[in-house]
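Chemist: Quick note: the sequence shown uses numbering that gives the first Met the number 0, first residue 0, plus one each step. Have a look at the structure that comes next, please.
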Amino acid sequence: MLGNFSYCNPTKLYFGNDSLKFLNDELSKYGSNVVLIYGGGSIKKNGIYNSVTEILKSCGKNVAEIEGVMPNPTVDKLREGVKIAKNHKADFILAVGGGSVCDYAKAVSVSVNCDEDPWDKYFIRFEEPDCKIVPVGCVLTMVGTGSEMNAGSVITNTETKQKIGHVFASEEVMPKFSILNPKYTLTLPHYQMVSGIYDIFNHICEQYFSGKDDNTSDYISEGLMKSVVYSSRIANADPQNYEARSNIMWTATWALNTLVAKGKTTDWMVHMLGQAVGGCTNATHGMTLAAVSLAYYRHILPYGLAKFKRFAVNVWNVNPEGKTDRQIAEEGLSAMEAWMKELGLVMNLTDLGATEDMLEKLADVTIPLNGGYKPLERSEIIEIFRESL
Ligand code: NZQ
Ligand code: ZN
0 MLGNFSYCNP TKLYFGNDSL KFLNDELSKY GSNVVLIYGG GSIKKNGIYN SVTEILKSCG
60 KNVAEIEGVM PNPTVDKLRE GVKIAKNHKA DFILAVGGGS VCDYAKAVSV SVNCDEDPWD
120 KYFIRFEEPD CKIVPVGCVL TMVGTGSEMN AGSVITNTET KQKIGHVFAS EEVMPKFSIL
180 NPKYTLTLPH YQMVSGIYDI FNHICEQYFS GKDDNTSDYI SEGLMKSVVY SSRIANADPQ
240 NYEARSNIMW TATWALNTLV AKGKTTDWMV HMLGQAVGGC TNATHGMTLA AVSLAYYRHI
300 LPYGLAKFKR FAVNVWNVNP EGKTDRQIAE EGLSAMEAWM KELGLVMNLT DLGATEDMLE
360 KLADVTIPLN GGYKPLERSE IIEIFRESL
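Dropping the structure here:
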């Protein structure tokens, strides 16, 4: 472990099938003007909306609603929400939904008291808030992003086809609390469930595939990866299995709450490629990652051979006997590919609506990063997209 870092995560978590009862206590800490934010209606169908609004009512809150936050929330929707929250003089924002709703709530929270345009300030110039941030709490209904315990917010500009994430440095942006009830995730369609599972797995990979030092973060990552692979197989066969779904929920939070990034440079190129695809096609986040991962990892494997070998042996139980390092590493990726197919993930960009004539645009909106084993040139980015079609 050779890095220098600080660690603080202020989000309080309530976990389990009766965790919503703690919402009362949490709400009592904030003023009476609450903005309730949710998505396209799943919470009305499965009853979570009723449970939450009853609690808000019993606490005497004055509630304004922002509904219809779409997957891959847009900057237009953000500007609309900021107006509602401003008019309501929001004291507190309650996000009820998945990563899109939680991310959106954070983006609103840093924009309510800011006079500048949030897209330019936070997603183009990557500035930190210099205004009062409205506190956010989350009731999570979809598992994968880790947004419930981090300071990330991803917003899409449909005009420019840019999908950009800002991980704020300020701990103030992190949710004050998150309520994680695995039961709430049982109504997710299979497509969303497995997309979220791959998102979790890939978050861990993005942090694991960097650095050459012996780092405790990598050992924690391997444990998390093994847990999510094990539980995903149970959940795939039996989606109503509470134990598997609760392990998946907990793993998701620890996969991206900064813990396993400690002391690491971190890669995040699969996310940069996937977000470019999301910006151009509006495809589901986890599926965009699944579609580009194998081409990317096979491309960088020679540059991070020792780590790919370790991944094969420690995560996928590849028997190293009598094999070269390269063979072992490649077998690890083949085992990962077999698992991805078993889950029913989308394995190519064509199925997500991308076409050959989009390759240049996809490269234009990909943000290259250099924390991984091989910083990519534009030509390599195009090649990886082409191989993923
Ligand atoms: O909108 P509703 O009707 O609620 O339906 C949603 C949506 O269609 C549905 N859903 C959610 N909970 C449900 C449910 N359906 C039935 N039962 C439930 N309990 O699921 C669909 C997808 O929801 P969404 O919130 O979009 O999914 P996810 O949690 O994967 O969030 C994706 C967004 O998060 C960003 C992604 O880029 C994407 O914009 N990310 C945020 C990160 C962060 N904050 O750190 C990191 C991630 O890498 C990711 O980039
Ligand atoms: Zn992700």
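Don't be surprised by glycine CBs; every beta carbon is placed ideally from N, CA and C.
Relative to the ligand ZN, what is the chain-ordered list of residues with a Cβ closer than 7 Å to any of its non-hydrogen atoms?
Modeler: For the ligand ZN, the selected residues are Gly-143, Thr-144, Asp-198, Asn-201, His-202, His-270, His-284, Gly-285, Leu-288.
Chemist: Taking 7 Å as the line, does the beta carbon of Ile-345 fall inside it for any heavy atom of the ligand NZQ?
Modeler: Residue 345 is actually Val in this sequence, not Ile. Answer for Val-345: no, Cβ out of range of the ligand NZQ.
Chemist: Can you tell me which of the three DSSP states Val-68 falls into?
Modeler: Correct three-state label for Val-68: coil.
Chemist: Between the alpha carbons of Ser-146 and Ser-152, how many angstroms are there, rounded?
Modeler: Spanning the two alpha carbons is a distance of roughly 8 Å.
Chemist: For the ligand NZQ, I want to know if Val-100 counts as a neighbour, meaning its beta carbon is within less than 7 Å of at least one of the ligand's heavy atoms.
Modeler: For the ligand NZQ, at least one heavy atom lies less than 7 Å from the Cβ of Val-100.
Chemist: With DSSP collapsed to three states, give me the class of Tyr-6.
Modeler: It is coil, neither helix nor strand.
Chemist: Which residues does DSSP pair with Asn-313 in a beta bridge?
Modeler: For Asn-313, which the question treats as bridged, DSSP gives no partner whatsoever.
Chemist: How big is the Cα-Cα spacing for Asn-49 and Leu-93?
Modeler: If I take the Cα positions, the gap works out to 14 Å.
Chemist: Just to check, is the beta-carbon of Pro-181 closer than 7 Å to a non-hydrogen atom of the ligand NZQ?
Modeler: Result no, Cβ not under 7 Å from the ligand NZQ.
Chemist: Going by DSSP, which residues form a beta bridge with Leu-255?
Modeler: None, per the DSSP bridge assignment.
Chemist: Could you give the uninterrupted runs of the alpha helix (DSSP H) lying entirely in the segment 252-296, keeping only those of 4 residues or more?
Modeler: DSSP runs (the alpha helix (DSSP H)) wholly in the segment 252-296: 268-280.
Chemist: On the criterion of 16 or more Cβ atoms from any shown chain inside 10 Å, does Cys-130 qualify as buried, or is it exposed?
Modeler: So Cys-130 ends up on the exposed side.
Chemist: Do the CB positions of Ala-289 and Met-346 come within less than 8 Å of each other?
Modeler: Yes. Within cutoff.
Chemist: Starting from Lys-11, trace the beta strand (DSSP E) both ways and give me its first and last residue.
Modeler: Element bounds for Lys-11: 11-14.
Chemist: Can you tell me whether Leu-187 sits near the ligand NZQ, meaning its C-beta is under 7 Å from at least one heavy atom of the ligand?
Modeler: Yes, the beta carbon of Leu-187 sits closer than 7 Å to at least one heavy atom of the ligand NZQ.
Chemist: Kindly identify the DSSP beta-bridge partner or partners of Ser-177.
Modeler: Partner(s): Leu-12, Cys-137.
Chemist: Looking only at its own chain, which residues have a Cβ that is under 8 Å from the Cβ of Leu-368, when we skip the five neighbours before and after it?
Modeler: Answer for Leu-368: Asp-266, Trp-267, Met-268, Met-271, Pro-374, listed in chain order.
Chemist: Who are the near neighbours of Ser-245 in its chain, counting only those whose CB is closer than 7 Å to its CB and skipping five residues on each side?
Modeler: So the list reads Pro-181, once near-sequence residues are dropped.
Chemist: Taking buried to mean at least 16 other C-beta atoms within 10 Å of its own C-beta, is Thr-354 buried or exposed?
Modeler: By the 10 Å Cβ count, Thr-354 comes out exposed.
Chemist: Could you tell me whether any non-hydrogen atom of the ligand NZQ is closer than 7 Å to the CB of Gln-191?
Modeler: Checking every heavy atom of the ligand NZQ against the Cβ of Gln-191, one is found closer than 7 Å.
Chemist: Using alpha carbons as the reference points, say which of Gly-273, Asp-324, Met-141 lies closest to Leu-417.
Modeler: Limits of the chain in this structure are 0 at one end and 388 at the other, which puts residue 417 out of reach.
Chemist: Cα-Cα, which of Ala-106, Lys-82, Ile-299, His-284 is closest to His-202?
Modeler: Ranking the options by Cα distance to His-202, first place goes to His-284.
Chemist: For Ile-154 versus Val-74, is the C-beta distance shorter than 8 Å?
Modeler: Against a cut-off of 8 Å, the Cβ pair of Val-74 and Ile-154 comes out as a contact.
Chemist: Got a sec: does the ligand NZQ put a non-hydrogen atom nearer than 7 Å to the Cβ of Gly-164?
Modeler: Checking the Cβ of Gly-164 against the ligand NZQ gives yes.
Chemist: Output the distance between the C-alpha atoms of Leu-332 and Asp-350, rounded to the nearest integer angstrom.
Modeler: Computed Cα separation, rounded: 21 Å.
Chemist: Using 8 Å as the threshold, is the C-beta distance between Leu-55 and Ile-178 below it?
Modeler: No, Cβ-Cβ distance for Leu-55 and Ile-178 is not below 8 Å.
Chemist: Beta-carbon within less than 7 Å of Val-135's beta-carbon, same chain only, minus the 5 sequence neighbours each way: which residues are those?
Modeler: Same-chain partners within the cutoff: Ile-92, Ala-94, Ala-104, Lys-105, Ser-108, Pro-174, Lys-175.
Chemist: Which term fits Asp-102, buried or exposed, when burial requires 16 or more other beta carbons within 10 angstroms of its beta carbon?
Modeler: Buried is the call here.
Chemist: Under 8 Å between the Cβ atoms of Asp-90 and Ser-31?
Modeler: Closer than 8 Å, so yes.
Chemist: Is DSSP giving Ser-152 helix, strand or coil here?
Modeler: Three-state DSSP puts Ser-152 in a strand.
Chemist: Just curious, the alpha helix (DSSP H) that Gln-239 is in, first and last residue?
Modeler: It is not in any alpha helix (DSSP H) - Gln-239 carries neither H nor E in the DSSP assignment.
Chemist: I need the straight-line Cα distance from Thr-186 to Ala-282, nearest angstrom please.
Modeler: Their backbone Cα atoms lie some 20 Å apart in a straight line.
Chemist: Can at least three beta-carbon pairs, one atom from the segment 155-175 and one from the segment 213-222, be found at a separation below 8 Å?
Modeler: As far as the Cβ criterion goes, the segment 155-175 does not touch the segment 213-222, which means the pair count is below three.
Chemist: Rounding to the nearest angstrom, what Cα-Cα distance links Val-276 and Thr-52 in this structure?
Modeler: The straight-line gap from Cα to Cα measures roughly 36 Å.
Chemist: Based on the DSSP output, what are the partners of Leu-93 in its beta bridges?
Modeler: According to DSSP, which records beta bridges pairwise, Leu-93 is partnered with Leu-35, Gly-136.
Chemist: Relative to the C-alpha of Met-357, which residue among Asn-71, Gly-371, Ile-380, Met-0 is closest?
Modeler: Selected option, being the one with the closest Cα: Ile-380.
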